[in-house]
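A.B. asks: One structure follows; several queries about it will come next.
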Amino acid sequence: MNVYKFDEERSRREQAEKQQPPRRPAGPPAINLPDIIIWLSGILIAIHLVRVFLLPVVWDNLILVLFAFWPVKYSMFAGLSALDMASALWAFVTYSLLHGSATHIIFNLLWMAIFGSAVARRFGVSRFLLFSALCSVGGALAHLATNWGEGVPMIGASAAISGQMAAAIRFVFELGGPLGAIRRTDREAYMVPAKPLADCFRNQQVLVFVAVWFGLNLFFGLMSGPVAGQPASVAWMAHIGGFAAGLALFPFFDPVPRRRF
3 MNVYKFDEER
13 SRREQAEKQQ
23 PPRRPAGPPA
33 INLPDIIIWL
43 SGILIAIHLV
53 RVFLLPVVWD
63 NLILVLFAFW
73 PVKYSMFAGL
83 SALDMASALW
93 AFVTYSLLHG
103 SATHIIFNLL
113 WMAIFGSAVA
123 RRFGVSRFLL
133 FSALCSVGGA
143 LAHLATNWGE
153 GVPMIGASAA
163 ISGQMAAAIR
173 FVFELGGPLG
183 AIRRTDREAY
193 MVPAKPLADC
203 FRNQQVLVFV
213 AVWFGLNLFF
223 GLMSGPVAGQ
233 PASVAWMAHI
243 GGFAAGLALF
253 PFFDPVPRRR
263 F
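Taken in order, the sequence shown gives residues 3 to 263; the numbers are from our numbering.
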């Protein structure tokens, strides 16, 4: 192609581009959640669906024996088999992967989408997963301390999500945070410095959200079905233990320097 034909071809393409309608900017994604929240939600839903629709009752009961949190195991730990001893250790975390009903799991996933998403965006995947696991442990320890020797299993992610909420309230309501009076919507909204803990609990929004969380836990906990033949009950101390663990652990996991005033 000689130089004259090259110029003609370039002019033709430029003219064609001008005649095309302007492209609309891409809209927000249909599901605006961190990938780790989507994956965790999918795993929890899959576990529940397999237990409810695919596994025989005998197998499901075996899963509860091995992966739910049974306080009675710790009162007779020395007499347990090797498998039961091992299950008593991993149950401090695995109980949070099991749920008693559709209502139970939907409630937990909704709150994880709200508060867990904020924490995941701030902490990153590795810190978020370790933080959530330790909050599950904190909830289990609190439940064990107040239900020593009890033969009713505990399941559900509520303790971990209580810890996520405890972490989230340290920054989401701050000025510039995602739920603050003056808020931002970009990633930096999740990176605002956290105030000292005492200042956090002077915020009326924080107190309202904490009250709503525990009130809804009571409501949906009472609506849950029985577990392993036992009537449903709300593991209040596990929720409180997870929440307390979240408050205590937040400074050690927070990657953002804290506000000193």
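Each residue gets a CB set at the ideal place from its N, CA and C atoms; glycine is no exception.
So, for Val-74: in the same chain, excluding its five sequence neighbours on each side, which residues have a beta-carbon less than 7 Å away from its beta-carbon?
C.D. replies: Within the sequence shown, the letter at position 72 stands for residue 74. Cβ neighbours of Val-74 beyond the five flanking positions: Gly-151, Glu-152, Gly-153.
A.B. asks: Just to confirm before moving on: does the CB-CB distance between Ser-164 and Gly-244 stay below 8 Å?
C.D. replies: Locating residue 164 in the sequence shown gives position 162, counting from the first residue. Locating residue 244 in the sequence shown gives position 242, counting from the first residue. The answer is yes: Cβ separation under 8 Å.
A.B. asks: Identify whether Met-78 lies in helix, strand or coil by the three-state DSSP scheme.
C.D. replies: Residue numbering aside, residue 78 sits at position 76 when the sequence shown is read from its first letter. Coil at Met-78, not helix or strand.
A.B. asks: How big is the Cα-Cα spacing for Ser-237 and Ala-104?
C.D. replies: As a first step, residue 237 must be located in the sequence shown, where it is residue number 235. As a first step, residue 104 must be located in the sequence shown, where it is residue number 102. In the sequence under discussion, the amino acid at residue 237 is Ala, which differs from the Ser named in the question. C-alpha separation (whole angstroms): 18 Å.
A.B. asks: Check Gly-179 in the structure and name its three-state DSSP category.
C.D. replies: Taking the first residue of the sequence shown as 1, we reach residue 179 at position 177. The answer is coil: DSSP assigns Gly-179 none of H, G, I, E or B.
A.B. asks: Anyone know if the C-beta pair for Phe-211 and Phe-125 falls short of 8 Å?
C.D. replies: Counted from its first residue, the sequence shown places residue 211 at position 209. Counted from its first residue, the sequence shown places residue 125 at position 123. Cβ distance not < 8 Å, so Phe-211 and Phe-125 don't count as in contact.
A.B. asks: Are there 16 or more other CB atoms within 10 angstroms of the CB of Ile-45, so buried, or fewer, so exposed?
C.D. replies: Mapped onto the sequence shown, residue 45 falls at position 43. Label assigned to Ile-45: exposed.
A.B. asks: Kindly list the residues whose CB is nearer than 6 Å to the CB of Phe-173, restricted to its own chain and excluding five residues on each side of it in sequence; keep chain order.
C.D. replies: Start at 1 with the first residue of the sequence shown, and residue 173 comes out as number 171. Cβ within range, chain order: Gly-179, Val-194, Ala-196.
A.B. asks: Taking a contact to mean a Cβ-Cβ separation below 8 Å, would you say Ile-141 touches His-241 in this structure?
C.D. replies: As a position in the sequence shown, residue 141 is number 139, starting the count at 1. As a position in the sequence shown, residue 241 is number 239, starting the count at 1. At residue 141 the sequence reads Gly, which differs from the Ile that was named. Yes, they are a contact pair.
A.B. asks: Please report how far the alpha carbon of Tyr-76 lies from the alpha carbon of Ala-90, in whole angstroms.
C.D. replies: Position 74 of the sequence shown, counted from the start, is the residue given in the question as residue 76. Position 88 of the sequence shown, counted from the start, is the residue given in the question as residue 90. Taking the straight line from one Cα to the other gives about 7 Å.
A.B. asks: For Ala-213, which option in Leu-181, Arg-189, Ile-47, Ala-168 has the closest C-alpha, if you only look at C-alpha atoms?
C.D. replies: As a working mapping, residue 213 is identified with position 211 in the sequence shown. When each option's Cα is compared against that of Ala-213, the closest is Ala-168.
A.B. asks: With Ala-250 as the anchor, note down where its alpha helix (DSSP H) starts and where it stops.
C.D. replies: The count along the sequence shown starts at 1 and reaches residue 250 at position 248. Start and end: 238-255.
A.B. asks: Is Val-229 buried or exposed, if buried means 16 or more other CB atoms sit within 10 Å of its CB?
C.D. replies: As a first step, residue 229 must be located in the sequence shown, where it is residue number 227. A caution first: Val-229 carries a pLDDT of 49, below 50, which makes its placement in the model too unreliable to give a value.
A.B. asks: Return the Cβ separation of Met-156 and Ala-70 in integer angstroms, given the expectation that the two are a contact with Cβ distance under 8 Å.
C.D. replies: Numbered from its first residue, the sequence shown carries residue 156 at position 154. Numbered from its first residue, the sequence shown carries residue 70 at position 68. Confirmed, Cβ separation roughly 7 Å.
A.B. asks: I need the DSSP call for Phe-71, collapsed to helix, strand or coil.
C.D. replies: The count along the sequence shown starts at 1 and reaches residue 71 at position 69. In this structure, Phe-71 counts as strand in the three-state DSSP scheme.
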